[in-house]
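*Asks:* The following block contains the structure, expressed as C-alpha cells.
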Amino acid sequence: MTMRTTRLTATVPINIWIHTNTNGIVVLARLLPRDYKNGSFAAAPAAPPPPVHLGRRRCRCRDRDPRLDRLPQEPAAAAAGVAWHRGRPARAFSLFCAAAAAAGRSVFLAQAASMAAANGSACGGGGVDKEKEEFKQIYGVLKEELLRDPAFEFTDSSRQWIDRVMLFSPSPFSSCVADRMCFSSRIVSSGFSVGFRSGKCNRGLSVVDSYKLLKGTNVLSQEDMFLASTLGWCVEWLQAYFLVLDDIMDDSHTRRGQPCWFRVPQVGSIAINDGIILRNHITRMLRLHFRGKLYYADLLDLFNEVEFKTASGQLLDLITTHEGEKDLNKYNIGVHRRIVQYKTSYYSFYLPVACALLLSGEDLTKYGAVEDILVKMGIYFQVQDDYLDCYGDPKFIGKIGTDIEDYKCSWLVVQALERADESQKSVLFENYGKKDPACVAKVKSLYRELNLEAVFLDYENESYKKLIADIEAQPSIAVQNVLKSFLHKIYKRQK
62 MTMRTTRLTA TVPINIWIHT NTNGIVVLAR LLPRDYKNGS FAAAPAAPPP PVHLGRRRCR
122 CRDRDPRLDR LPQEPAAAAA GVAWHRGRPA RAFSLFCAAA AAAGRSVFLA QAASMAAANG
182 SACGGGGVDK EKEEFKQIYG VLKEELLRDP AFEFTDSSRQ WIDRVMLFSP SPFSSCVADR
242 MCFSSRIVSS GFSVGFRSGK CNRGLSVVDS YKLLKGTNVL SQEDMFLAST LGWCVEWLQA
302 YFLVLDDIMD DSHTRRGQPC WFRVPQVGSI AINDGIILRN HITRMLRLHF RGKLYYADLL
362 DLFNEVEFKT ASGQLLDLIT THEGEKDLNK YNIGVHRRIV QYKTSYYSFY LPVACALLLS
422 GEDLTKYGAV EDILVKMGIY FQVQDDYLDC YGDPKFIGKI GTDIEDYKCS WLVVQALERA
482 DESQKSVLFE NYGKKDPACV AKVKSLYREL NLEAVFLDYE NESYKKLIAD IEAQPSIAVQ
542 NVLKSFLHKI YKRQK
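The numbering of the sequence shown is my numbering, which starts it at 62 and goes up by one.
Here is the structure:
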C-alpha cells in the first residue's frame with residue numbers, strides 16, 4: 062500500500078502524524094507528546110510510528126496522556142485525515158477536534174485549536190492575525206461541546222438545526238473561515254453561511270486583548286487563551302441573541318446585506334426560540350469551563366446584569382420610536398443618551414473589559430469609574446454611528462444609512478431639533494421618518510444648513526479630550542492601557 066505521511070509541527074508540545082493512502086483513506090492518526098523543557102523543544106522523532114490499518118474511514122487517535130484513552134473511533138477523526146490529504150489542513154484540525162470532543166477533553170481541544178492557529182501558513186492563513194485565527198479555532202471547540210451537551214438528547218435533525226443557527230447567527234466569521242471549521246458542507250453550500258461574511262470579532266477579541274494588557278503580556282498560556290476566548294465567544298453569542306430578536310421586533314429584512322435569520326425560508330418564528338438557545342449557550346459554557354473558579358458567580362451576575370440593561374435600553378428604543386403616533390417632540394439628548402447607554406454601551410464596551418477584569422481576579426465593585434468611562438465611550442461610538450449613517454460613504458461603510466427613513470432617535474435629529482427655528486422644525490416634522498427619497502433629501506439638506514457635520518467634529522474632539530483625561534486619572538497603568546486601546550480603535554473611525 063502506498064502511503065503518504067505528514068508531520069505537523071506547532072508551538073505547542075504535541076506532534077500530529079497522519080497517515081493516508083493514495084485514495085485519501087485514513088490509516089492512522091496519532092498524537093505524540095514533545096519534550097518541552099525550559100521553554101524549548103527537544104528534537105522530535107525523525108520518523109513516525111508504524112501505521113496500523115483499521116479499515117475504511119476508521120482510525121484510532123491516541124496520546125500517551127491517559128485522559129485521551131477514551132477517545133472514540135469517530136468518523137470525524139478519519140475525515141480529518143482525508144481533509145489533510147486533500148490540502149485542507151485547517152479543516153483537518155477542526156474535524157480532529159470534533160473527534161476529541163466526543164471524549165470531553167477540553168484541555169486537549171484547546172491545545173489542538175492552538176496548534177491549528179500556530180500552523181498559519183499550512184492553514185492557508187498567510188497574513189492572518191494569529192490571535193484572531195486561534196480565537197476562531199476555539200469557536201470550533203466550543204461548538205462541538207455545545208452540540209454534544211449531555212443535558213439534551215439531540216436528534217440528528219435538532220443537532221443540524223442548532224448547527225445552522227450557530228453558522229447563520231450574526232457572528233464574526235468570513236465564508237472562508239466557515240469552510241475551514243467543522244460545519245455541515247450541505248448547510249454551507251445551501252447558502253446559510255451568509256451570517257459569517259461580515260463582522261470582525263471586535264467584542265470577543267476585546268476580552269482577549271484586555272486580558273493581555275491587564276496581565277502585562279503579549280502571549281497568554283494555552284489555558285488563559287482558552288478561557289479568555291470562551292468568554293469572548295459568550296460576548297459574541299450575547300450579541301447574536303440580541304440581534305436575532307431585534308430584527309424580529311423591527312421587522313427588518315436584511316442584516317449585513319443578507320436576509321435576517323427569521324426571513325430565511327422554513328425559519329420564521331422559530332428564530333425566537335433560536336435566540337433563546339443562543340443565550341443559553343452562554344450559561345452552558347460558563348458552567349462547563351468556569352464553575353470551579355472563585356469568580357464564577359460574578360460572571361453569571363455580570364452577563365445577567367448586562368442582558369437586563371440591554372433589554373431595558375431596547376424597550377426604551379421601541380416605545381420611543383415605534384409606539385403611537387410619530388412625534389419628534391419626544392426626541393431630546395437625554396432620551397438619546399439613555400437609549401444608547403443601555404442598549405449599546407454595556408454589552409459592547411463594558412462587558413468585554415469586565416470579563417477580563419474578573420479573569421484577572423479583580424473585584425468589579427472597585428471599578429465603578431472604569432464602568433463610567435466605558436459607558437461614555439459607548440455613547441461616543443453610537444454618535445459616530447449616527448453620523449456615519451448620514452455622512453458615511455455606503456461603499457466604504459458597507460451599508461446605506463436608513464436612520465431618517467426609520468424614524469430613529471438619532472444624535473443628528475436631536476441636534477437639529479435643538480438648533481432649528483420654527484420653519485426648519487416644520488421641515489423636520491413633515492419629512493422625517495418617511496421612505497420617500499425626496500423627503501430624505503430635504504432632511505439631509507436641513508442638516509447641511511445647520512452645519513451638523515461641523516457640530517459632530519467639535520463633539521468628537523471634545524469627547525476624546527474628556528475621555529483621555531478620565532482615563533489618565535485611573536491609578537492603574539494596566540487599566541489605562543486597556544481603556545486607551547478601546548478609545549484609539551474608535552477615535553475618528555470612518556466605518
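The beta-carbon is built from N, C-alpha and C at its ideal position, and this holds for glycine as well.
State the Cα-Cα distance for the pair R56 and R398, rounded to the nearest angstrom.
*Replies:* Only positions 62 to 556 of the chain appear in this structure, which leaves residue 56 out of reach.
*Asks:* Of all the options L355, A477, K545, E521, which has the alpha carbon lying nearest to the alpha carbon of N512?
*Replies:* A477
*Asks:* Measure how close the beta-carbons of F442 and I333 come, nearest whole angstrom, since I'm counting them as under 8 Å.
*Replies:* Actually they do not touch by this definition, with Cβ atoms about 28 Å apart.
*Asks:* Within this structure, are the beta carbons of L266 and L418 separated by less than 8 Å?
*Replies:* No, the Cβ-Cβ distance between L266 and L418 is not below 8 Å.
*Asks:* Please classify D220: does DSSP put it in a helix, a strand, or coil?
*Replies:* Reading off the sequence, residue 220 comes out as Arg, not Asp. Helix at R220.
*Asks:* Please state whether DSSP places Q375 in a helix, a strand or coil.
*Replies:* helix
*Asks:* What's the gap between the Cα of D467 and the Cα of G422?
*Replies:* Going from the Cα of D467 to the Cα of G422 covers about 44 Å.
*Asks:* What first and last residue would you give for the alpha helix (DSSP H) that runs through Y411?
*Replies:* From DSSP, Y411 is part of no alpha helix (DSSP H); its letter is neither H nor E.
*Asks:* On the DSSP bridge assignment, give the partners of P320 in chain order.
*Replies:* T315
*Asks:* For the alpha helix (DSSP H) containing N393, list its first residue and its last residue.
*Replies:* Per DSSP, N393 belongs to no alpha helix (DSSP H) and is neither H nor E.
*Asks:* Below 8 Å between beta carbons: does that hold for G429 and Q402?
*Replies:* no
*Asks:* Give a yes or no on contact between the region 432-441 and the region 402-415, applying the rule of three or more CB pairs nearer than 8 Å.
*Replies:* Contact between the region 432-441 and the region 402-415 is present, because at least three Cβ pairs lie under 8 Å.
*Asks:* To the nearest angstrom, report how far apart N84 and Q221 are at their CA atoms.
*Replies:* Only weak support exists for where N84 lies, its pLDDT of 39 falling under 50; the coordinates are left without a value.
*Asks:* When you compare the CB positions of Y493 and V444, do they come within less than 8 Å of one another, or not?
*Replies:* no
*Asks:* Check whether the Cβ of I338 lies closer than 8 Å to any Cβ atom in chain C.
*Replies:* Note that chain C does not occur in the displayed structure, where there is just one protein chain.
*Asks:* Measuring only the C-alpha atoms, how far is N365 from K404?
*Replies:* Taken atom to atom, the span from the alpha-carbon of N365 to that of K404 is near 14 Å.
*Asks:* Does DSSP put D482 in a helix, in a strand, or in coil?
*Replies:* coil
*Asks:* So, are the CB atoms of L489 and A481 less than 8 Å apart?
*Replies:* yes
*Asks:* Could you tell me the alpha carbon to alpha carbon distance between R554 and S219, rounded to whole angstroms?
*Replies:* Rounded to whole angstroms, R554 to S219 spans 42 Å at the Cα level.
*Asks:* CB I532 to CB C470, shorter than 8 Å?
*Replies:* Contact: no.
*Asks:* Quick one, which of L299, Y200, Y508 has its alpha-carbon nearest S409's?
*Replies:* L299
*Asks:* Using a 10 Å radius around the Cβ and a threshold of 16 neighbouring Cβ atoms, would you call D204 buried or exposed?
*Replies:* Note that residue 204 corresponds to Lys in the displayed sequence, not to Asp. The residue in question, K204, is buried, as its Cβ has 16 or more Cβ neighbours within 10 Å.
*Asks:* Which runs of the alpha helix (DSSP H), 4 residues or longer, sit entirely within the region 291-372?
*Replies:* 331-351
*Asks:* What separation, rounded to the nearest whole angstrom, lies between the Cα atoms of P320 and H314?
*Replies:* 6 Å
*Asks:* Check this for me: beta carbons of L507 and Q535, under 8 Å apart or not?
*Replies:* no
*Asks:* Which residue from K495, E491, P455 puts its Cα closest to that of I465?
*Replies:* K495
*Asks:* Find the nearest neighbour of V504 within the set A530, V475, H342, D359, judged by alpha-carbon distance.
*Replies:* V475
*Asks:* Could you compute how far the alpha carbon of T426 sits from the alpha carbon of D359?
*Replies:* Near 11 Å, if we compare the C-alpha coordinates of D359 and T426.
*Asks:* Return the chain-ordered ranges of every alpha helix (DSSP H) run that is complete within the region 435-463 and spans a minimum of 4 residues.
*Replies:* Counting only unbroken stretches of 4 or more residues, the alpha helix (DSSP H) elements lying wholly within the region 435-463 are 455-458, in sequence order.
*Asks:* P326 to V226, Cα distance in whole Å?
*Replies:* 13 Å
*Asks:* Starting from I465, trace the alpha helix (DSSP H) in both directions and tell me its first and last residue.
*Replies:* Where I465 is concerned, there is no enclosing alpha helix (DSSP H), given that its DSSP letter is neither H nor E.
*Asks:* Since R317 and D308 should fall inside the 8 Å C-beta cutoff, what is the C-beta to C-beta distance between them, to a whole number of angstroms?
*Replies:* That belief does not hold up - the Cβ atoms of R317 and D308 are roughly 11 Å apart, past 8 Å.
*Asks:* Please state the DSSP three-state secondary structure of F196.
*Replies:* helix
*Asks:* When you compare only the Cα positions, how much space is there between Y200 and Y392?
*Replies:* 41 Å
*Asks:* So which of N390, D446, Y525 has the shortest CA-CA distance to E483?
*Replies:* Proximity to E483 across N390, D446, Y525 peaks at N390, based on C-alpha coordinates.
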